[in-house]
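Numbering (this note's numbering), first residue to last: 124 to 428.
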């Protein structure tokens with residue numbers, strides 16, 4: 124029985140059109156080794172099933188495995204994909220993204236060349252038509268990039284574009300992605316933080332890019348601020364210290380800084396709302412420190428009626 128060299132792991136939930144676009148981009152990959160595609164549907168009604176069947180008929184030469192994870196939560200879906208994967212390496216990509224033709228090859232070449240345990244690549248936003256210019260100019264959906272071959276700091280790690288040795292995912296027990304982050308998100312950063320604590324090497328490949336499709340519902344001020352708050356609360360909750368004094372001090376600094384940035388953002392409005400948004404994001408991150416100690420429940424992954 125032959126085994127694929129790479130397992131491309133995809134968690135999906137009611138994004139049939141986006142998933143179809145992603146699969147089409149994977150079908151034209153220029154990759155020197157074999158790979159399989161693992162799609163885990165986090166919808167108990169298996170709504171992605173038709174898309175998978177159509178892809179199989181159109182591309183019979185590809186190995187694609189479709190599984191359903193009925194428990195609602197991103198951690199459960201990711202863990203199921205890892206459990207099904209047979210490859211020496213796991214490549215993670217999100218269902219609202221599409222891969223460039225040399226995406227997988229770029230990640231793999233960089234990993235073998237450097238001996239890295241995980242290689243990350245850029246995620247480039249693709250905006251819908253008639254997106255307000257202030258959203259694009261704010262850089263809200265832009266993610267940091269760096270030179271190929273350089274080390275990636277742990278705070279920039281995520282599963283939206285990465286190739287990682289499967290042995291790492293199997294090494295963490297009982298499962299690589301903790302159920303505590305199933306509905307809040309942040310399970311990926313937690314996993315890579317664990318890898319980092321075990322001396323894993325993270326490297327960047329700037330040529331191995333994917334494109335994230337920004338939907339119109341995200342192009343709203345309140346969505347952006349709410350997402351910023353949820354992400355920051357989840358981050359600070361992971362960074363909690365055991366010292367009560369340090370926790371109080373850190374929270375106080377965050378709240379004071381948040382108030383200053385909030386005021387500064389209003390003062391910057393005449394210079395453009397895009398500048399104010401950048402500053403308000405900093406304010407939100409400050410207030411999120413208080414939200415993390417108040418145990419506010421964060422839900423980024425929930426059932427869609």
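We put the beta carbon where it would ideally sit given N, CA and C, even for glycine.
Listed in chain order, the alpha helix (DSSP H) elements of length 4 or more contained wholly in the segment 254-296 are 256-261 and 289-294. Given a length threshold of 4 residues, each whole run of the alpha helix (DSSP H) inside the segment 315-402 is given here in chain order: 344-361 and 367-390.
Judged by their CB atoms, residue 134 and residue 222 are not nearer to each other than the 8 Å cut-off. For the alpha helix (DSSP H) assignment, the uninterrupted runs of no fewer than 4 residues enclosed by the segment 196-247 are, from N- to C-terminal side, 197-207 and 226-237. The beta carbon of residue 309 sits closer than 6 Å to the beta carbons of 357 from its chain, once the five residues preceding and following it are set aside; these are given in chain order.
Taking the Cα of residue 238 as reference, the smallest distance to any Cα among 218, 286, 153 and 396 is reached at 286. Under the DSSP assignment, residue 166 falls outside any alpha helix (DSSP H); it carries neither an H nor an E label. Only buried fits residue 218, as 16 or more other CB atoms lie within 10 angstroms of its CB.
Taken atom to atom, the span from the alpha-carbon of residue 404 to that of residue 353 is near 12 Å. Under DSSP, residue 189 shares a beta bridge with 162. Taking all protein chains in view, the Cβ of residue 168 is surrounded by fewer than 16 other Cβ atoms within 10 Å, so the residue is classified as exposed.
For residue 320, the closest alpha carbon among the candidates 276, 349, 347 and 340 is that of 276. In the DSSP assignment, residue 302 falls outside any alpha helix (DSSP H) and carries neither an H nor an E.
Residue 379 counts as exposed, since fewer than 16 other C-beta atoms from the protein chains shown sit within 10 angstroms of its C-beta.
In the DSSP assignment, residue 150 falls within the alpha helix (DSSP H) that extends over 139-150. The segment 185-198 and the segment 155-165 touch, with three or more beta-carbon pairs separated by less than 8 Å.
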